[in-house]
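Reading the sequence shown from the start, the letters are residues -5 to 438 in the working numbering.
Idealized CB from N, CA, C, for every residue including glycine.
Just below is one structure, and these are the notes that go with it.
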Amino acid sequence: MKEYDLIIIGAGPGGYEAALDAAKAGMKTALIEKEALGGTCLNHGCIPTKSLLHAANLYKNIQEAGLFGLKAEASVDVTAVQARKNEVVAQLRSGIAAQMKKAKVDVYEGTGRITDAHTVRVGEEDLSARFLMIATGSKTFVPKIPGAELAGVYTSDELLEQDVLCDHLVIIGGGVIGMEFASYYSAMGKQVTVIEAMPRILPAMDKEISQSLKMLLKKKGVDIHTGARVEEIREGLTVVFTEKETQQTVEADGVLICIGRRPNTEGLFEGEPPVEMERGFIHVNENGQTNVPSIYAIGDVTGGLMLAHEATAEGRRAVEHMQGKTPAIRADIIPGCIYTEPEIAAVGLTVDQAKEKGLAADSQKYPMTANGKTVVEGAERGFIKVVYEEGTHKILGAQMMCERATDMISEFSLAITQDLTLEDMARVVRPHPTFSEAITEAVR
Ligand code: NAI
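Below, the structure is given as structure tokens:
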């Protein structure tokens, strides 16, 4: 039987980054993947959607060229947009394969099944290791809505692969995936209807972000129904839903269901799972260790925010812990990013969340309408909001909705991990004219 220091099941951004760290630390490492290197993030999630959204933003910018005194015309070739997306994914995937080879990580193609605390079976082969890491991620979830099995009803994985854009897309679920697809389809000139069960879209986000995004999407013609329950999807694609106790219908030629994801643990263990689980999610401590000391689990399969960078952080922490080190990365401070137009990003606590925790919190906000670079670029209105503790002025969180929010949020992640105050952040000189100088204004 082949012996390793670490066997990782799942080659997403959690698993493959952990494999690289382990190999670098001198651990003999195996990585098992049943589909493609890169996991959901690279093959069905972050990267392909961002490739499509980038094309959509370019399309929008070309349409708005007149604002800048330019004359240009653009039209969409969806097949070519898809081809570009596939090219990006293939390039990054081969990059991961090369990294694994260079690091001397053994990659096994196949389904890994844990047979005991130190053994994994791939196909007919048994591999053993001092440590196992479960990084199997999550999968799309389709609820038992009558008609959910009809042709034209898609999961996000399926919709991403379509070479034709539907003319009217109904999106069930106004969360992160729903908002990114709503942005993409509406930027491509298609009609979009969103049906969200909770009282507002992006219910986990700061209220003002939900409201602002709703307003912006409505301005672009997106029809948004909140507090709405889908009853059924009828043949020919009529979506029946109830909003404020009134039944309504909407005709569509495509329906996307994106109401959350489920952990990939089915068939992972031979016999009774030795690790504690709840609704398929694996329980772990802060080091990613399960109740079986040799078995670690990281990323979506453990629940949490289900974000690629969270999985990477957890994997790196787990590898450090296996080596007897105290993990340094703060996996408890995870920024969330949504690639709408404008971008949305948040880290730490909202004012409401801080108050729920019993903290005396307040916030201050800077509107991007006063930011030079925003006006120069003719960007959408937006804001940067910073949440701090009253008295100490310690930074507790930030919510941003503006250009480059997904890059700029890291200033606040750094501030929170370093226990910085408003005054500390205001001491930095940020260049002019930039979007980032708005951070200076927000913290002053
Ligand atoms: P989500 O949890 O973000 O949103 C699901 C939405 O569906 C919620 O607003 C929920 O209230 C609503 N909902 C639930 N049942 C419903 C029903 N029967 N009818 C109507 N609405 C219903 O989940 P989503 O968007 O599917 O994303 C899955 C995961 O992937 C999330 O954890 C997300 O963080 C991650 N993701 C992250 C991205 C990013 O960071 N940019 C992009 C895409 C996904």
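Which of helix, strand or coil DSSP assigns to residue i
i, result
"C441", "The first residue shown for the chain is -5 and the last is 438, placing residue 441 beyond what the model contains."
"H219", "strand"
"H48", "helix"
"V82", "helix"
"S177", "helix"
"E314", "helix"
"G342", "strand"
"T23", "strand"
"K212", "helix"
"S407", "helix"
"R87", "helix"
"D120", "strand"
"P437", "With the sequence shown as reference, residue 437 is identified as Val, and Pro is not the correct amino acid for it. V437 falls in the helix class under three-state DSSP."
"V70", "coil"
"D200", "coil"
"S206", "helix"
"G63", "coil"
"L31", "coil"
Beta-carbon proximity list for residue i, same chain, < 6 Å, skipping 5 on both sides
i, result
"A13", "I2, T23, L25 and V99"
"V278", "T284, A291 and T296"
"L0", "A16, M21, T23, A123 and F125"
"G441", "Outside the shown range of the chain, which is -5 to 438, sits residue 441, and nothing can be said about it."
"T400", "C331, E337 and A339"
"E237", "H219 and A222"
"T368", "M362"
Expected contact under 8 Å - CB spacing of residue i and residue j to nearest Å
i, j, result
"I227", "A145", "11 Å between Cβ atoms; not a contact."
"F263", "V295", "Not really, about 12 Å apart at Cβ, beyond 8 Å."
"H38", "L154", "6 Å"
"I128", "A348", "No, I128 and A348 are not in contact; Cβ-Cβ is about 33 Å, not under 8 Å."
"T130", "D151", "About 16 Å; that fails the 8 Å criterion."
"A77", "Y53", "Contact flag wrong, Cβ pair sits at about 16 Å."
"I166", "I189", "5 Å"
"G293", "H315", "Incorrect: roughly 15 Å between the Cβ atoms, too far for contact."
"P329", "I389", "Wrong, their Cβ atoms sit about 13 Å apart, outside the cutoff."
"A97", "H112", "Their Cβ separation, rounded to whole angstroms, is 22 Å, which puts A97 and H112 out of contact at 8 Å."
"Q185", "D161", "6 Å"
"A432", "M362", "6 Å"
"S180", "V158", "Not a contact, Cβ separation roughly 17 Å."
"M(-5)", "V70", "Actually they are not in contact, since the Cβ atoms of M(-5) and V70 sit about 54 Å apart, beyond 8 Å."
Residues that DSSP places opposite residue i in a beta bridge
i, result
"V188", "I165 and I218"
"E383", "A355"
"V158", "Note: V158 sits in no beta bridge, so no partner."
"M394", "A339 and I378"
"P42", "Its beta-bridge partners do not exist; DSSP assigns none."
"S132", "P257"
"L126", "I1 and I289"
"V101", "L25"
"I389", "Y382"
"R115", "R107 and D120"
"P361", "F377"
"Y148", "L250"
"T415", "K388"
"K(-4)", "L121"
8 Å CB neighbourhood of residue i in its chain, flanking five on each side removed
i, result
"G32", "A5, G6, P7, Y10, I41, V83, L86, R87 and I90"
"V422", "T434"
"R398", "E337, F429 and S430"
Sequence-distant residues of the same chain with beta carbon closer than 7 Å to residue i, five excluded per side
i, result
"L36", "V83, L86 and R87"
"E174", "T43, L47, I332, Y333 and T334"
"A66", "I56 and A59"
"E435", "Y360"
"D15", "R310 and V313"
"E383", "L353, A354, A355 and L390"
"A325", "E304, A307, E308 and R311"
"K214", "S180"
* Asked: Which ranges does the beta strand (DSSP E) cover as unbroken runs of at least 3 residues, wholly within the region 222 to 290, from first to last along the chain?
  -> Counting whole runs of 3 or more residues, the region 222 to 290 contains the beta strand (DSSP E) stretches 222 to 228, 232 to 237, 240 to 245, 248 to 251 and 255 to 257.
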